[in-house]
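Participant:
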Amino acid sequence: MNDTDAVNYAQLKRSVEEANTYTDQKMGEMNSKIKGVENKMSGGIASAMAMAGLPQAYAPGANMTSIAGGTFNGESAVAIGVSMVSESGGWVYKLQGTSNSQGDYSAAIGAGFQW
């Protein structure tokens, strides 16, 4: 077949339908990937919310173990933490971890000096 050959309507229609089917399939795949990224992101935000909800020790010499939960856009997370304040009250230490409904785990550690 040459570029200058005539095409009948059935051939043209079939070609357009194949192109539409291919485009619809690729758009469906892309939408599925976007939804997966959205779910992972929402799980991560739920984890951040849970960690942010953890209370911490504040009095000199005090220690605290804490638990908190978070949710965002249909995803949820639970966080646990341990914190302590030095005897002088100058140093604050914190360790926390979380797990979310997407099956992801994360952890954070921090220390601060106050005066």
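Under this note's numbering, read the sequence shown as residues 408 to 522, first letter to last. Ideal Cβ positions, reconstructed from N, Cα and C, are used throughout, including at glycine. Note that the structure is predicted; figures quoted are calculated from it, not measured.
Quick one: Cα of GLY504 to Cα of ASN470, how far?
Facilitator: C-alpha separation (whole angstroms): 17 angstroms.
Participant: Quick one: using the 10 Å Cβ neighbour count with 16 as the cut-off for buried, is MET434 buried or exposed?
Facilitator: It is exposed - the Cβ of MET434 has fewer than 16 other Cβ atoms within 10 Å.
Participant: By Cβ distance, which residues of its chain are closer than 8 angstroms to ASP511, with the 5 residues on each side in sequence left out?
Facilitator: LYS447, GLY450, GLY451 and SER454, listed in sequence order.
Participant: Would you say the segment 455 to 464 touches the segment 487 to 507, given that touching needs at least three Cβ pairs under 8 angstroms?
Facilitator: The segment 455 to 464 vs the segment 487 to 507: in contact.
Participant: Going by DSSP in three states, SER449 sits in which element: helix, strand or coil?
Facilitator: Residue state, collapsed to three classes: helix.
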